[in-house]
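Residue numbers (this note's numbering), protein chains in the order written: chain A, 197 to 350; chain B, 10 to 150. C-beta atoms are modelled at their ideal positions from N, C-alpha and C, and glycine is treated no differently.
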């Protein structure tokens with residue numbers, strides 16, 4: 197039952213990505229290309245996607261905050277608060293990769309459905325990058341940064 | 010702004026928010042795609058089922074759209090496989106190091122008014138904007 201609920205959530209999330217057009221790299225790059233503001237080609241759709249997503253999530257999370265989830269003993273709200281070097285470095289590296297192709301993890305995985313060879317290469321590389329990070333972390337390169345599962349942001 | 014699609018963007022964004030809220034209601038988890046997917050590649054992870062189920066649902070959505078006649082076209086990708094691979098590595102490594110991506114920080118984190126997520130979102134947006142400006146207007150111009 198929890199797995200089915202999770203499947204449903206993934207499906208709704210993916211449907212949101214499809215309807216909003218965020219599965220299209222051209223749409224995302226059309227937003228990131230702010231120099232297009234000058235010549236009228238800029239596409240602010242991504243801001244509207246985020247605003248609508250934040251409105252629904254903000255209200256929903258506020259209502260759920262004191263509640264216990266249906267299929268788990270407790271909610272895993274992130275607990276980390278410090279703006280540290282790994283956060284900023286990681287976000288910068290992610291942003292560079294995002295800008296190079298126009299794919300972030302959600303749309304990249306959803307776009308696997310198109311069987312695009314480029315997307316498949318991207319997702320495999322992304323998985324390698326994720327695994328490489330965890331391997332590097334496990335080897336003690338960042339002993340101070342070992343975090344509890346509850347401390348992750350997303 | 011000929012490409013601006015505010016209505017579909019608002020509907021799609023609201024659905025993404027709904028998915029995040031329902032995932033918290035059902036499983037008590039943050040709907041951060043990099044966190045959900047990244048957990049699959051860590052040998053210490055002992056909760057792979059809900060992660061795999063979420064990802065299956067995510068991939069099923071474009072298939073369902075195709076069934077009702079709204080197939081998602083193959084996204085436009087850079088010609089260079091090396092560029093694609095480097096970008097994928099950066100997205101994978103960066104989202105794990107920074108503990109989140111567009112969904113985990115940009116939606117779920119900012120919705121909680123988390124200073125970490127606001128900072129991360131500003132940084133990855135700024136980095137992506139600079140990269141697009143360079144690749145589309147300086148190098149590729």
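If we define contact as Cβ-Cβ less than 8 Å, is residue 57 of chain B a contact residue for chain A?
Chain A, which has no Cβ nearer than 8 Å to the Cβ of residue 57 of chain B, makes this no.
Chain B contact for residue 301 of chain A (CB, 8 Å cutoff):
yes
In whole angstroms, what separates the C-alpha of residue 85 of chain B from that of residue 296 of chain A?
Inter-residue distance for residue 85 of chain B and residue 296 of chain A is about 12 Å (C-alpha atoms, whole angstroms).
Does residue 277 of chain A come out as helix, strand or coil in the three-state DSSP assignment?
coil
Distance check for residue 23 of chain B and residue 345 of chain A, CA to CA, integer angstroms please.
Unreliable placement is indicated for residue 345 of chain A, whose pLDDT of 45 sits below 50; no coordinate value is reported for it.
For residue 270 of chain A, count neighbouring Cβ atoms within 10 angstroms of its own Cβ and tell me buried if that reaches 16, exposed if not.
exposed
What does the alpha-carbon distance come out to for the pair residue 123 of chain B and residue 287 of chain A?
15 Å
Residue 241 of chain A at chain B interface by Cβ criterion, 8 Å:
yes
What are the boundary residues of the alpha helix (DSSP H) that includes residue 207 of chain A?
Start and end: 198-216.
Could you run through the region 83-101 of chain B and flag, in chain order, every residue whose CB is less than 8 Å away from some CB of chain A?
Those residues of the region 83-101 of chain B placed with their C-beta closer than 8 Å to a C-beta in chain A are 83, 84, 85, 86, 87, 90, 92, 93, 94, 95, 96, 97, 98, 99, 100, 101, ordered along the chain.
Between residue 111 of chain B and residue 300 of chain A, is the Cβ-Cβ spacing less than 8 Å?
yes
Minimum length 4: unbroken alpha helix (DSSP H) runs contained in the region 269-337 of chain A:
Within the region 269-337 of chain A, the complete alpha helix (DSSP H) runs of at least 4 residues are 281-297, 301-306, 313-334.
Count the other CB atoms within 10 Å of the CB of residue 257 of chain A; is the residue buried (16 or more) or exposed (fewer)?
When all chains shown are included, residue 257 of chain A counts as buried.
Residues within the region 15-34 of chain B neighbouring chain A, beta-carbon criterion of under 7 Å
Those residues of the region 15-34 of chain B that come within reach of chain A (Cβ to Cβ, closer than 7 Å) are 15, 17, 18, 19, 20, 21, 22, 23, 24, 25, 26, 27, 28, 29, 30, 31, 32, 33, 34.
Return the chain-ordered list of same chain residues with a C-beta closer than 7 Å to the C-beta of residue 127 of chain B, the five sequence neighbours on each side being excluded.
Hits under 7 Å: 119.
Alpha carbon to alpha carbon, how far is residue 342 of chain A from residue 104 of chain B?
Residue placement at residue 342 of chain A is poorly supported in this model, since its pLDDT is 47, which falls under 50; the coordinates are not used for a value here.
According to DSSP, is residue 132 of chain B helix, strand or coil?
Of the three classes helix, strand and coil, the one that applies to residue 132 of chain B here is helix, per DSSP.
Does the beta-carbon of residue 233 of chain A have 16 or more other beta-carbons within 10 angstroms, so that it is buried, or is it exposed?
So residue 233 of chain A ends up on the exposed side.
Apply the 10 Å Cβ neighbour rule to residue 71 of chain B and answer buried if 16 or more other Cβ atoms are within range, or exposed otherwise.
Buried: at least 16 other Cβ atoms inside 10 Å.
Can you tell which of B:67, B:30, B:51, B:53 has its C-alpha closest to the C-alpha of residue 218 of chain A?
B:67
C-alpha gap between residue 351 of chain A and residue 262 of chain A, whole angstroms
For chain A, the structure presents residues 197 to 350; residue 351 of chain A sits outside this window and is missing.
Can you tell me which of the three DSSP states residue 147 of chain B falls into?
helix
Which residue from A:276, A:223, A:243 puts its Cα closest to that of residue 83 of chain B?
A:223
For residue 304 of chain A versus residue 349 of chain A, is the C-beta distance shorter than 8 Å?
no
Simplified DSSP assignment, three categories, for residue 33 of chain B:
Helix, per DSSP.
For residue 4 of chain B, name the three-state secondary structure that DSSP assigns.
It is not possible to answer for residue 4 of chain B, since the shown part of chain B is limited to 10 through 150.
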